[in-house]
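**Q**
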Amino acid sequence: MSRFEIGDRVRVARAFPPGHVRTPVFVRGLTGTVVRYFGHFRNPSELAYGMTGLPELSLYQVAFDMDDVWSGDGAYAAGDTVTADIYENWLEPAEDKKNAA
Amino acid sequence: MSENRAISDIGGLPAGPIDREDHEPTLVERRIDALMMLMRAKPRAFWGADENRRTIESLTPEFYEGSAYYQRWVTVMRRLMVEKGILTEAEIEDKLAEVRARHDEGGAK
Amino acid sequence: MPHDAGSHDHDHDHTKTFQPDIKEPTEDWEFLEIALRELLIEKDVISAREIADTIEAWDQKTPENGAAIVAKAWADPDFKARLLADGNAVAAELGYKIEGTKLVVVENTSDLHHMVVCTLCSCYPRPILGIPPLWYKSRAYRSRAVREPRAILAEFGTDVADGTEVRVLDSTADIRYLVLPRRPEGTDGMSEAELAGLVTRDAMIGTATAKMPDGSRA
């Protein structure tokens with residue numbers, strides 16, 4: 001059972017927890033689109049300290065428009081994207097209607 | 001948006017041209033790579049990838065930025081071996097002294 | 001008296017892939033490797049044989065493995081479909097066992113060009129491609145790939161049309177991505193072995209495209 005479907009808009013938490021995390025700073029606080037669902041995996045933030053990492057978390061590939069990330073300050077073309085593989089505990093449904101059209 | 005940025009979290013930071021010069025891994029590098037895999041894989045599984053990563057993330061920025069890739073790996077392996085009780089710091093220091101002494105006498109490889 | 005396992009290349013049989021390193025250790029970290037290995041062998045945590053076997057096993061993992069997979073996918077549409085649906089299972093069919101990570105093969109098309117990076121460390125489909133190149137692990141690639149992909153592609157001499165979306169995949173979790181590059185023009189009728197010869201490591205990372213039959217870039 002997956003919280004999100006392919007095509008859902010999701011917002012990455014703008015959070016800075018202590019310790020080991022695998023959500024890169026460059027996507028935090030941003031809104032992207034779920035493009036793939038990979039299933040359940042143990043929580044790396046807990047595995048990093050010798051804990052079991054259970055219960056497993058859903059893992060999603062989320063795509064972000066380069067312009068949403070860098071506002072033009074980069075070397076890319078309009079429409080280029082960057083994806084990150086993000087665990088569900090970093091994601092909330094987003095309210096923007098970007099993909100509604 | 002850079003508060004609490006781990007030293008390894010560098011996506012999007014400025015950097016220069018990519019140096020595409022490569023070399024075949026040296027024997028020492030291959031041995032470090034092999035040792036790392038033997039420590040982490042079953043049946044030993046002394047520690048996992050995420051423990052490796054958080055140990056790398058605990059290095060100082062100066063060391064992280066100034067060190068070679070396998071230099072970081074052998075450094076964190078040392079820390080994790082001590083943390084997990086596989087070796088002690090004293091044993092490692094004693095052995096290092098012995099290895100260096102052998103080398104200075106012309107015998108170590 | 002501890003057995004001198006430092007020069008372990010004299011301890012047991014060598015395979016032909018094992019190149020003795022005549023370089024003397026000079027750096028602290030090289031001495032540390034010797035010290036850790038000798039201690040672990042003395043304490044029977046590990047054996048010199050296992051280290052040698054592991055080195056040899058990884059020496060056998062080269063981009064040729066990935067190229068064989070790509071060539072088969074180009075030649076066989078059913079294989080390609082199954083590969084894209086379940087990389088681990090299909091790689092295992094060809095004898096490439098992957099445990100602990102999920103292999104996801106992503107297909108380049110005229111609309112979409114993928115480029116893979118691990119900004120946080122150096123995650124790479126090692127069971128398929130072997131040890132990653134130094135540049136892949138470099139700060140410059142890891143920091144710039146997600147922001148300046150078209151500049152990097154230009155540095156690598158790779159053309160991607162403006163109308164083709166460049167998608168950079170940051171391997172932040174347990175997924176390992178392998179790019180299935182576009183099959184070059186003029187390769188109809190080539191055998192799988194010939195097709196595999198066109199597939200470079202960089203094409204499977206996404207910083208390059210596959211080679212044309214005449215040796216130039218696709």
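Same order as they appear, the protein sequences are chains D, P and B. Quick note on the numbering used here: the first sequence kicks off at 1 and runs consecutively. Quick note on the numbering used here: the second sequence kicks off at 1 and runs consecutively. Quick note on the numbering used here: the third sequence kicks off at 1 and runs consecutively. Just so it is clear, CB atoms sit at the ideal spot from N, CA and C, and this is done for glycine as well. Since we're looking at a predicted model, the values are computed, not measured.
Using the beta-carbon of each residue, which ones in chain D are nearer than 8 Å to P/Arg54?
**A** Result: Gly19, His20, Ala48, Tyr49.
**Q** How about P/Glu65: is its C-beta nearer than 9 Å to some C-beta of chain D?
**A** Closer than 9 Å: no.
**Q** Return no unless some Cβ of chain P is closer than 9 Å to the Cβ of B/Trp58.
**A** By this cut-off, B/Trp58 is an interface position.
**Q** For B/Ser122, decide whether its Cβ has a neighbour in chain D, counting only Cβ atoms nearer than 9 Å.
**A** With 9 Å as the cut-off, B/Ser122 does not count as an interface residue toward chain D.
**Q** In chain order, what residues of the same chain have a beta carbon less than 6 Å from the beta carbon of D/Ser2, not counting five sequence neighbours either side?
**A** Closer than 6 Å at Cβ, skipping near neighbours: Tyr37, Ser58.
**Q** What are the start and end residues of the beta strand (DSSP E) that includes D/Phe38?
**A** That run of the beta strand (DSSP E) goes 31-41.
**Q** Which residues does DSSP list as the beta-bridge partners of B/Val45?
**A** Looking at the DSSP assignment, B/Val45 forms no beta bridge with any residue, so it has no partner.
**Q** Roughly how many angstroms lie between the CA atoms of D/Gly74 and P/Gly16, to the nearest whole one?
**A** Each residue's alpha carbon lies about 13 Å from the other.
**Q** Runs of 4 residues minimum, wholly inside the region 123-159 of chain B: which ones carry the alpha helix (DSSP H) assignment?
**A** Whole alpha helix (DSSP H) segments, 4+ residues: 126-129, 134-137, 139-144, 149-155.
**Q** Just checking: is the beta-carbon of P/Asp19 within a distance shorter than 9 Å of some beta-carbon in chain D?
**A** Closer than 9 Å: no.
**Q** Give me, in chain order, the residues of the same chain whose beta-carbon lies closer than 6 Å to that of B/Glu165; leave out the 5 immediate sequence neighbours on both sides.
**A** Excluding positions up to five away in sequence, the list reads Leu112.
**Q** Comparing the C-beta of B/Ile69 with each C-beta of chain D, is any distance below 9 Å?
**A** Output row for B/Ile69: interface = no.
**Q** In the structure shown, what three-state DSSP assignment does D/Phe4 receive?
**A** Correct three-state label for D/Phe4: coil.
**Q** Give a yes or no on whether the minimum CB-CB distance between B/Pro133 and chain P is below 9 Å.
**A** So yes, B/Pro133 belongs to the interface.
**Q** Just to confirm, are D/Ala94 and D/Val35 a CB contact at a threshold of 9 Å?
**A** Contact: no.
**Q** Buried or exposed: where does P/Lys95 fall if 16 or more other Cβ atoms within 10 Å of its Cβ makes it buried?
**A** It counts as buried.
**Q** For B/Ile175, return the contacting residues in chain D, with the cut-off set at a CB-CB distance below 8 Å.
**A** Those within 8 Å of B/Ile175 in chain D are Phe38, Leu59, Gln61, Asp85.
**Q** P/Gly85 versus chain B: which residues are under 9 Å apart at the beta carbon?
**A** None at all; the shortest Cβ gap to chain B is about 11 Å.
**Q** If you follow the alpha helix (DSSP H) that P/Leu80 is in, where does it begin and where does it stop?
**A** Its alpha helix (DSSP H) spans residues 69-83.
**Q** Tell me which residue opens and which closes the alpha helix (DSSP H) that P/Pro61 is part of.
**A** Residues 61-66.
**Q** Using a C-beta to C-beta distance shorter than 7 Å, which residues of chain B count as neighbours of P/Arg30?
**A** What P/Arg30 touches in chain B: Ile55.
**Q** Going by the beta-carbon positions, is the gap between B/Phe31 and P/Arg100 smaller than 9 Å?
**A** Going by C-beta atoms, B/Phe31 is nearer than 9 Å to P/Arg100.
**Q** Using a Cβ cut-off of 8 Å, pull out every chain B residue sitting near D/Pro55, in sequence order please.
**A** Result: empty, since nearest Cβ-Cβ is about 16 Å, beyond 8 Å.
**Q** Excluding sequence positions up to five away, which residues of its chain have a Cβ less than 8 Å from the Cβ of P/Glu89?
**A** Contacts found: Val82.
**Q** Give the residues of chain P in contact with D/Phe26, contact being defined as C-beta atoms less than 7 Å apart.
**A** What D/Phe26 touches in chain P: Gly11, Gly12.
**Q** Pick helix, strand or coil for P/Thr55, following the three-state DSSP scheme.
**A** Helix at P/Thr55.
**Q** Report the partner residues of B/Glu165 according to the DSSP bridge assignment.
**A** Answer by DSSP bridge pairing, in chain order: B/Leu112.
**Q** If the cut is a Cβ gap below 7 Å, which residues of chain P does D/Pro44 touch?
**A** Within chain P, the residues near D/Pro44 are Asp50.
**Q** For P/Leu35, report the span of its beta strand (DSSP E) as first-last.
**A** First-last for P/Leu35: 27-40, but that is the alpha helix (DSSP H), not the beta strand (DSSP E).
**Q** Please report the straight-line C-alpha distance between B/Ser226 and P/Arg72, rounded to a whole angstrom.
**A** It is not possible to answer for residue 226 of chain B, since the shown part of chain B is limited to 1 through 218.
**Q** Nearest chain B C-beta to P/Met1 closer than 9 Å, yes or no?
**A** For P/Met1, the predicted structure reports a pLDDT of 45, less than 50, and the residue's modelled location is therefore unreliable. A value from the coordinates is still provided. No, because no Cβ of chain B sits closer than 9 Å to the Cβ of P/Met1.
**Q** Does the beta carbon of D/Ala101 come closer than 9 Å to any beta carbon on chain B?
**A** The pLDDT assigned to D/Ala101 is 40, lower than 50, so where the model puts this residue is not dependable; a value taken from the coordinates is nonetheless given after this. Chain B, which has no Cβ nearer than 9 Å to the Cβ of D/Ala101, makes this no.
**Q** Looking at chain D, is there any beta carbon in it that lies within less than 9 Å of the beta carbon of P/Trp73?
**A** No - not a single Cβ of chain D is within 9 Å of the one on P/Trp73.
**Q** Where do the N-terminal and C-terminal ends of the alpha helix (DSSP H) with B/Leu84 fall, by residue?
**A** Note, B/Leu84: alpha helix (DSSP H), 77-85.
**Q** Report yes or no: is there a C-beta of chain D within less than 9 Å of the C-beta of B/Glu99?
**A** Output row for B/Glu99: interface = no.
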